[in-house]
Structure formats: structure tokens, C-alpha cells
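As you go down the protein sequences, you meet chains C and L in turn.
Mind the numbering: the first sequence is residues 562 to 1014 in the numbering used here, read in order.
Mind the numbering: the second sequence is residues 562 to 1014 in the numbering used here, read in order.
Protein chains: 2
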Amino acid sequence: MSHSETALSFSGKSDLDLLFDFLRFRSVSTKPDHAPEMRACADWVAALLRHGGFQAEVAETGGHPAVLGRGPEAPGKPTVLVYGHYDVQPEEPVNLWTSPPFEPAIRNKRVFARGATDNKGQILAHILGAIHLLREEGSLPVNLIFLIEGEEEVGSTNLDDFIRARRSELRCDVIAISDTGMIAEGYPTLTQSLRGIAAMEVIVRGPATDLHSGIFGGAVMNPATALVRMLAGLHDAKGRIAVPGFYDDVTKPDAAEREALAALPVSESDYQRETGVLLLSGEEGFSSMERIGIRPTAEINGLTSGYQGEGTKTVLPSTASAKLTFRLVPNQKPDRALNLVEIHLQNLLPPGVEMEIIRGHGGMPYTLDLKSPWCGAALRALEATFGQKPALMREGGSIPIVQTFRDLLGSDTLLLGLAAPDCKAHAPDENFPVENFEAGIRLHQNLLRELAG
Amino acid sequence: MSHSETALSFSGKSDLDLLFDFLRFRSVSTKPDHAPEMRACADWVAALLRHGGFQAEVAETGGHPAVLGRGPEAPGKPTVLVYGHYDVQPEEPVNLWTSPPFEPAIRNKRVFARGATDNKGQILAHILGAIHLLREEGSLPVNLIFLIEGEEEVGSTNLDDFIRARRSELRCDVIAISDTGMIAEGYPTLTQSLRGIAAMEVIVRGPATDLHSGIFGGAVMNPATALVRMLAGLHDAKGRIAVPGFYDDVTKPDAAEREALAALPVSESDYQRETGVLLLSGEEGFSSMERIGIRPTAEINGLTSGYQGEGTKTVLPSTASAKLTFRLVPNQKPDRALNLVEIHLQNLLPPGVEMEIIRGHGGMPYTLDLKSPWCGAALRALEATFGQKPALMREGGSIPIVQTFRDLLGSDTLLLGLAAPDCKAHAPDENFPVENFEAGIRLHQNLLRELAG
């Protein structure tokens, strides 16, 4: 019996059993050969929803399928859409995981697996919250829609078209997403803003083939040397992005906002502990929280050139490449950011080599409207669940779909993060506290009740 | 029957058949798991020598074995040691080869395979030249020693000790090596100098694990960013190495020497064609031949960091590393060069990351004594073989063993290159003209006759 067949029996399983079943799917959306595993995972989500009393569909998109679920009708009540994703980041480097990334394990009251936090643990808490509520009460206090996609980790390439095509079915009053972090352990958090993202790959090409670095070295521009010079030009000495025009659209932080951020229960030493660095470092004149929350970044995500095996190879490589992502803040736009970077890199390109830019996905930065009535409901649900006043947080990550929802459905999104600060999303040993999973189930129920008004 | 067993029958095989047998061994010295193939290749060389009437031994070293061969005694005649190596560079990237690297193929009258030029084709020409001469004449005009090692491509780590241990057996009047290039097709060449080499790997470490580039990006020094900044500091804007003190020991080129180099039958467009670059580029104020022959270099041989797979991964990598080699000219010393580079990189290291340096092999630069009587013999042998006056060339590559021979055996080395300018040594589609292989066999015979006096 395959994993999917085992997993497809739901009866008698605890919430945690179901989370483990969900986490065992190797649903890595960026790897083309994982497509069957992606579909099996989507089938599992849909089957669970049906088992719980929902209508559910595995809906085709231009890429990996999305799961669409719908609770029983609640006439005269608001419609709430809960969004999440069942795809996960690649598990590499596997050798740095304490336990295998797709064999969930519990240590120190946390579930360790790829996707435990991002996003399987969080979206499953919502699903189970709704299923339990429906089972206990026979109905739901709102009209509830689940939209769980399979391409969040690759920029939600096909979701815009999908939402456009199914717009009338997806119409809703408010959207809830748990794909962000809690400011501190046990501290309920509503995310006030998200950074946008713009991705590109830079490839520098020189000699027609790899050359002997002795026979030709000195007379030919080494593409790796060219690349490092260009990338060294991404920042200035003060840690600012040195791309001309890059800050033109960046909203200037005001004093009240900076004070509110400074009052949050997070210290510089928290960041230092969570990242394991000796010394925090970034743009001069800003705190770590500001550097992450309200300032843009230029990050090298990968470098590749020449010989990477054991020992020495005296080669002058014919190509060198880098994967880059830029985090954006209001009111930057991904296309404009990439245009500016491309011009800048072209200006830094030394003679004797050529450059190719492959643009990746982009996502707009987002700011929540705090005056919306739904915000009050969310803050009350958070306080009821955790017994503590929620913090308003500026999130460094990107959820481009949030802007899409505003554009296409006209609805605001409530970002109710359940991730622990040290959840290691996207990295080895990703984990999700069992406590947060259980709180997420209760939060969903409180949220539906508060939103019902 | 395995390849080694097939290969171990020599009778009835043409010279070219034997070259093909030699090239089929995957004798990549840098890969630990290739050790059995290395030994099989050494066994084959020794068996061929024995088959040809030589004494031969597969001699243990601290690493891969060396082959030691000795011809019949020629009392009162000089002793000539011919050095070569049976190990080859790694074959990667395999997908860029027209035919598989260890399945020799002939196209356009050239043999294509890893090691065809560097060094199997060239050393085999010497071996076969001697075997044929001995068979035809019943004796050799000199005392002839073959020393064929298996660690040239990994810096000849164990050869110094080996030579020291076997010094009395290896005592000789002159040494001949064919592991360098011909200045132009069909143009006999005696190499007057070689560059030295110093290798190191730089590893930059930051966060304890890979981090989410959204959640933490901006507050942590990215090790890849740190690395590119440090490496961008290896050169100044004029293409000179920017490491303080690096040029202190570099011999200033004199005008006569620069004129002689300029008179050689190689043009800038030859370099451009051979490398396939749009534009040659290097240290200001020097020709390509000078940049390669008489000036030091700093080359990046490899870059590794973060995500290198398909698509995007929004990761802030915990480490970034680079493989570097420096080519040295008289009178630079590898240790001093690496010391200076290490200090320079340490000075360029940004706060928030740590650096580790792993030193690789080093080799001294070498200049041939043109007034030696053996030089005249070599020049005459080259002219007799090719029917043309030989060129004196400055070689950009490194053969550290040449300095070792001078230090330990007190003997000069004649560098009689047979490699074509576009041989692609160390790169995909490495090749050796059949004509050069045949000329090499004749050259060996002419050389022995001339050295006999």
C-alpha cells in the first residue's frame, strides 16, 4: 500500500496523525519530477475536506492543481476565504537535517519536517478547526471557502489566472491566511505588512569552454571574477543597496511607526540567537526589526561556477551564475526593481564577458488596513485564543497572493501567523510547535465566530 | 573481460591502439574512489614497458603509485630521465563533451579524450619512441629512466618524498618532459619558463543554518555577499592583483625579453580564437603572451553557495566558498603568496561572518638555463623532427616537479611540448593531433641520439 493509500483513511486518526500524513508527501513544487507527488497531496487535502463534511475539488490550473473546498451554506452570514498552500520548499541540503525531511518526528514538543510550519501545519490547523466545529455544531457560523494552492513556493505562477477564472465562486468578504510568524513564543500576532519580492538569475559567460587556468589565465576575463565584481556592487559600504533609483519608491518610515516597532517584545539578541550569527549586520541607521520589516534587501540565494568537487581543478570557468532575490517594501514594484538592477549590473559588467538575466517571479509588498472591521474581529479572536493582547508585526517575507486578492477579489487579508520565531522555514530542521498547531485549531474556531459578528 | 585485461595484451597493436587503451583508464587522481582505476592504469604502463624490453616497477608512494622504468645499461653514456604522468583532470562537466571523455574517438585527425594531451598522449610517445628504438637497434644510445607519476594533477603531493627516497636510482644528467604546448601548429617549441602555482579554498560562514531570506534577510550578513566582496578585491581596476606586496618578488621583464616574445608566431587573434572570447582582457600594459608567460594571476576556479537547482529558493545561505589558484613567476614563492592573500582577504572580511582558508598545493616558478649543453641537443632534436627552427616559449602553466628535480637531483629539465594550442587540456573535448603523437615518437628517438653526443 502506498503512502497516499494509507493516508487516505482518516477515521480514528488524531489531529497530529493527520498532520504527519500531510507532511509525508514530498510536495516540492519547484522540482518538475515531483508532479505526481504534488497531485497525490492535493487529492489527500480534498479527501480530508470531503471526509469532514465539505464540498471539495482538485482544480486544474496551468501548473500544479489547487484544492477548493466549501462548507455548508450559512445564509445571511459573511463569506470567509481561508488561503494556504500544500507545496513546500526543496529539502536540500538533506545532510543537515536531524531527522529525514519527509519523515515527521517530534522532539521537544515540536514537529520536525519540511513544510511543518510553511505551510502544512498552519493550513491544516484551519481545516481541522472547521471540521471539528462543523461536526460538533452541525453548521458553521459563516460561509467558508478553502483555497489551498500548490505553487506558493514558486511564485503562485498560475493562481492569478485561476482566481480570475473562478472569481464568482471565490467572492468573499475577508480572507484569512496563516503563513507568517508570531513575534515571540506564545505571543499572538497580526501581521500588518509583508515585503514584496523580485527574483532573477544572472549568468555571466566568457570563454567558449572551460580553459586551463595556467595556459590562458591572465589574458581572459574570468566570468567568476566578473560576477563577483558585479555582485559586490549591489551594496555600498553602509549596507544600502547601491542600485541607482532603488530607494525612489520606498516609503519613509515615520517616527510613530518606528516607536511601535521598537516596543515589540523582540530584542536584537533574539535575532542573534535565532540566526546563530556572531554579529547582526545590515543597513546603517536601522534596527534589525526595521531592516527586516520596512527596508528592502538584495540577497544572493546561490552562487555557481567552475569546479565544486573535491580538491583543486585549475580551470578558468566558461560561465558563472548567481540567483538573486530582492525584498521590496511599499511602494516598490517588482518589475521596476528588476529593471533598475539589470541596468546596474549591465553597467558593472567588465569587458570580455557577456551577461544574461533570467527573471523569476515577482510579488508586490502589502500593508493591511488597520481600520477595517475585520481587523477588530481578528484581534479579538487572537486574544481569546492566546489570552494575551496581540502584537502588530511587520513581516520580512513575501506572500504575493495577498496583493492579488486585494486586486482581484477586492478583499482584505488577515495574516494570523502561527510560526515560531525559530521555525527554520525554508531551511533544514523546519519545525512547528505542537502547541501552535493546537492553538491554530482553536484560533480558526474563534475567528469564524468573531467574523460572524 | 575487463578493460584492464583487454588492454594488457600489447602484441599486434598499433601505436594508436595503445594510446586508446591508455586513454580508456579513468585515472582521475583527485577522486578518492578512482584509486583502483589509478592502480590498473599504472600496472598497464609498467606492463607495456616490460613488454618493450624495459625493467619496470609500480612503485608505492604515500598516495597513488608511480611507475619507474629503466632501459638496458649504456655504459659511459649520459643518463636521461623522462618524466610524465598517467593521472588526468576530472572529466566534468561531462555534458559538454562531443564524445565521452573516456572513450577515445578520432575526429579531424585528432584523438579526443580526457588526458589525450595532458599527459597520456605525450608520455606514451616517449615510451613508444624508446621501445621502437630498442627493438630496431637492440640497444639505446643513453641510459634511460622513465618516471611516470599518478599525482601531477593534485600537486605531486608525494613525489618529492619518493624522489628523495629513491635519489640514487634516479640520478641523471638531464631530464626531458613533454607536458607543455607548441607555440603554433607544427612549430617546434622549447619552453624556457613555467609559472608556479599556489592554491587555496576560501570558506565564509555566517548563520548557523540556511535562513529564510524574507524572514531574516536584511539583518544578517549574507556569506555569499561577503565572499563576492572579498573576491572583488583580488584585482584593481587595471587588472593588477590588488593584494599588497604581491608583486614585490616579481622579476621585472627586460626589453630584450619582451621583444623576443613579441616576435613569436602567435597573435592576439590566435588567443582570441583559441579561447572563444569576444575580447581579450587582463593586466594593463602587457600583451596576452606576457600576461600568460611572465605575469602572475589570481583566478577563481570555482564558486559554491546556497541553492543551485532549478527555479528559485529564497534562502540566505549559511556558507559560501571559492576555489582559488594563483600563478606565480620568478621569483615569487607559493607560501609567501598565500600568506599575503590570506592577510588581504582577512582585511576584506566584513563583520558578521567568519573565514576559513584551506591551503592547497604550491609549486615554484621555473626558468630554464639556456646556456646548458643539453639545451643545444634539445633544440637540434626538435629541428630534426619538425624541419623547422624551434621557438623559445614562456609557458603559463605550472609543472612544480621541474623545480623539485633541480633541487633534489641537481638536473636541468628540457620541456619539449607537443600540445597543440587548442588542445583543451583540463576542459571538455581535450584532444591531441595524431600527427603530434607520431612526431613525439620520432622526437624521443632524435633526442636520445643528440643527448648521447
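Think of the CB as a built atom: it goes at the ideal place given N, C-alpha and C, for glycine as much as any other residue.
As the structure is a computational prediction, the values presented were derived from the model and not from experiment.
Inter-residue spacing [alpha-carbon to alpha-carbon] between residue i and residue j
| i | j | result |
| --- | --- | --- |
| L/PRO826 | L/GLU860 | 27 Å |
| C/MET562 | L/LYS985 | Bear in mind that the predicted position of C/MET562 carries a pLDDT of just 41, short of 50, making it unreliable; the figure below should be weighed with that in mind. If I take the Cα positions, the gap works out to 53 Å. |
| C/GLU598 | L/ALA798 | 51 Å |
| L/LEU899 | C/ALA759 | 39 Å |
| L/GLY573 | L/PRO665 | 19 Å |
| L/VAL781 | C/THR836 | 8 Å |
| L/GLY511 | L/GLY711 | Nothing can be reported for residue 511 of chain L, as the shown portion of chain L is limited to 562 through 1014. |
| L/LEU513 | C/ASP594 | Here chain L comprises residues numbered 562 to 1014, so residue 513 of chain L is not present and cannot be evaluated. |
| L/LEU931 | L/LEU694 | 28 Å |
| C/THR659 | L/SER866 | 21 Å |
| L/LEU940 | L/GLU999 | 18 Å |
| L/ARG856 | L/LEU840 | 19 Å |
| L/THR678 | L/VAL876 | 42 Å |
| C/HIS646 | C/LEU885 | 24 Å |
| C/ARG801 | L/GLY779 | 10 Å |
| C/ASP604 | L/GLN650 | 49 Å |
Span of the beta strand (DSSP E) around residue i
| i | result |
| --- | --- |
| C/ASN992 | 992 to 994 |
| L/PHE673 | 671 to 673 |
| L/ASN900 | Where L/ASN900 is concerned, there is no enclosing beta strand (DSSP E), although the alpha helix (DSSP H) it sits in stretches over 895 to 909. |
| L/GLU653 | Note, L/GLU653: premise wrong, no beta strand (DSSP E); not H, not E. |
| C/MET743 | No beta strand (DSSP E) contains C/MET743, which DSSP labels as neither H nor E. |
| L/VAL765 | 757 to 766 |
| L/ASP973 | 973 to 976 |
| C/GLU621 | Segment: none, C/GLU621 is in no beta strand (DSSP E) and carries neither H nor E. |
| L/ALA737 | 735 to 738 |
| L/ALA942 | From DSSP, L/ALA942 is part of no beta strand (DSSP E) but of the alpha helix (DSSP H) over 934 to 947. |
CB-CB length for residue i against residue j, believed under 8 Å
| i | j | result |
| --- | --- | --- |
| C/ALA881 | L/LEU864 | 6 Å |
| C/ASP771 | L/ALA787 | With a Cβ gap of about 26 Å, C/ASP771 and L/ALA787 do not count as contacting. |
| C/GLN753 | C/THR928 | 7 Å |
| L/VAL838 | C/GLY913 | 6 Å |
| L/LEU1012 | L/LEU977 | Actually they are not in contact, since the Cβ atoms of L/LEU1012 and L/LEU977 sit about 12 Å apart, beyond 8 Å. |
| C/GLY716 | C/GLY843 | Between C/GLY843 and C/GLY716 the Cβ distance is about 25 Å, and since that is not below 8 Å, they are no contact. |
| C/VAL890 | C/PRO926 | 5 Å |
Beta-carbon neighbours of residue i, restricted to chain L and to distances below 8 Å
| i | result |
| --- | --- |
| C/PHE777 | TYR832, GLU835, THR836, ILE853, GLY957 |
| C/PRO989 | THR770, ASP771 |
| C/PHE844 | One detail in the question is off: residue 844 of chain C reads as Glu in this sequence, not Phe. Under the 8 Å cutoff, chain L gives GLY779. |
Proximal residues to residue i (C-beta, below 7 Å), its chain only, five neighbours per side dropped
| i | result |
| --- | --- |
| L/ALA635 | SER700, LEU701, PRO702, VAL703, ASN704 |
| L/ALA803 | GLY794, LEU795, HIS796, ASP797 |
| L/TYR748 | PRO826, GLN949, ALA952 |
| C/TYR644 | LEU708, ILE736, ILE738, ILE962 |
| L/GLY957 | ARG756, ILE853, GLY854, ARG888 |
Sequence-distant residues of its chain with Cβ nearer than 6 Å to residue i (five each side left out)
| i | result |
| --- | --- |
| C/ILE1002 | ALA686, LEU689, GLY690 |
| C/ASP810 | ASN892, GLN893 |
Continuous alpha helix (DSSP H) stretch holding residue i: start and end
| i | result |
| --- | --- |
| L/MET791 | 784 to 793 |
| C/GLU697 | 683 to 698 |
| C/ALA859 | Premise fails: C/ALA859 lies in the beta strand (DSSP E), 858 to 867, not in any alpha helix (DSSP H). |
| C/THR880 | It is not in any alpha helix (DSSP H) - C/THR880 instead sits in the beta strand (DSSP E) that spans 880 to 889. |
Within chain C, partners of residue i - CB distance below 7 Å
| i | result |
| --- | --- |
| L/LEU503 | This structure cannot speak to residue 503 of chain L, because chain L is shown only from 562 to 1014. |
| L/ALA737 | Residues of chain C passing the Cβ test: none, with the nearest at roughly 20 Å. |
| L/ALA760 | THR873 |
| L/HIS922 | THR873 |
| L/VAL655 | Going along chain C, no residue has its Cβ under 7 Å from L/VAL655, so there is no contact; the nearest lies around 12 Å. |
| L/PRO994 | In chain order: nothing, as chain C lies at least about 16 Å away. |
Listed by chain order, chain L residues near residue i by CB distance under 7 Å
| i | result |
| --- | --- |
| C/ARG756 | GLY775 |
| C/ALA986 | HIS773, ILE776 |
| C/HIS856 | The sequence shown places Arg at residue 856 of chain C, not His. Those within 7 Å of C/ARG856 in chain L are GLY779. |
Cross-chain neighbours of residue i in chain C, by beta carbon under 8 Å
| i | result |
| --- | --- |
| L/ALA769 | THR836, GLY837, VAL838 |
| L/ARG888 | SER774, GLY775, GLY778, GLY779 |
| L/ILE651 | It should be noted that the sequence gives Pro, not Ile, for residue 651 of chain L. The answer, in chain order, is TYR868, GLY870, LYS874. |
heavy atom of the ligand GDP below 7 Å from residue i C-beta
| i | result |
| --- | --- |
| L/SER972 | Of the ligands one can find in the structure shown there are none, so the ligand GDP has no counterpart to examine. |
Within chain L, partners of residue i - CB distance below 9 Å
| i | result |
| --- | --- |
| C/SER866 | ILE861, ASN862, GLY863, LEU864, THR865, ALA883 |
Chain C contact residues for residue i, given Cβ-Cβ distances below 9 Å
| i | result |
| --- | --- |
| L/ALA793 | THR786, VAL789, ARG790, MET791, LEU792, ALA793, GLY794 |
Cβ neighbours of residue i in the same chain (closer than 8 Å, five flanking residues each side left out)
| i | result |
| --- | --- |
| C/THR718 | GLY623, GLY624, GLU712, HIS922 |
| C/ARG600 | VAL619, HIS625, PRO626 |
| C/LEU1015 | Residue 1015 of chain C lies beyond the range of chain C shown here (562 to 1014); nothing can be said about it. |
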